[in-house]
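Asker: Here it is, the structure in full.
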Amino acid sequence: MSSERTELAELVLDVADQVPPGRVTTYGLVAEAVRGATGHGHPRHVGTVMASYGGEVPWWRVVRADGTLPRQLRERALERYLAEGTPLTPLVPVRVDLERAVWDAPTQWRLPLADPRA
DNA sequence: GTGCTGACACAGG
DNA sequence: ACCTGTGCCAGCA
1 MSSERTELAE LVLDVADQVP PGRVTTYGLV AEAVRGATGH GHPRHVGTVM ASYGGEVPWW
61 RVVRADGTLP RQLRERALER YLAEGTPLTP LVPVRVDLER AVWDAPTQWR LPLADPRA
């Protein structure tokens, strides 16, 4: 079945949409989850998808590996974090406290793997 | 088909 | 804390 967006994009958006409020996941983890389901997917692709369709999902819950976001989005995301109580580091620059807020998609939300028993 | 771009990750300086 | 280079690969001109 053909999809307007790519299959990859659909999965990325799906994962992003599953992240609970107050928690976040990373581009790498999303890519890992998608990769488990499709065999394809890298952090770079996740970023590309988010840039195109991020508006449809809670984009601020997908952060970089060190808990930061792109400059342009940093301020806007900070508002969201304060609003939903996302754990932030007390140090500057403010970034998400991944140790407490990370939501491991591959573990918390099992994607339909090609071979569940593998 | 060819080449550049990118909401990345990681290592260095 | 910042910027640069490298590896990665789908999407687009």
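The first sequence begins at 1 in the numbering used here and counts up by one. Think of the CB as a built atom: it goes at the ideal place given N, C-alpha and C, for glycine as much as any other residue. In this text, all values refer to a predicted model and were calculated from it rather than measured experimentally.
Secondary structure at Thr-25, three-state DSSP: helix, strand or coil?
Answerer: Note: Thr-25 maps to strand in three-state DSSP.
Asker: Pairs of beta-carbons, one from the region 36-52 and one from the region 80-93, closer than 8 angstroms: are there three or more?
Answerer: The region 36-52 vs the region 80-93: no contact.
Asker: DSSP state of Leu-88, grouped into three classes?
Answerer: Strand, per DSSP.
Asker: CB-CB under 6 angstroms to Val-24, same chain, minus the five flanking residues each way: which ones, in chain order?
Answerer: Result list for Val-24: Arg-61, Val-63, Val-96, Ala-101, in chain order.
Asker: Can you tell which of Ala-33, Glu-75, Gln-72, Leu-11 has the C-alpha that lies nearest to the C-alpha of Glu-56?
Answerer: When only C-alpha atoms are compared, the closest one is Leu-11.
Asker: Taking just the CA atoms, how far does Thr-6 sit from Ala-33?
Answerer: Near 16 angstroms, if we compare the C-alpha coordinates of Thr-6 and Ala-33.
Asker: Determine whether the beta carbon atoms of Trp-103 and Pro-21 lie at a separation below 8 angstroms.
Answerer: Against a cut-off of 8 angstroms, the Cβ pair of Pro-21 and Trp-103 comes out as no contact.
Asker: Starting from Arg-100 and walking both ways along the alpha helix (DSSP H), at which residues does that stretch end?
Answerer: Its alpha helix (DSSP H) spans residues 98-101.
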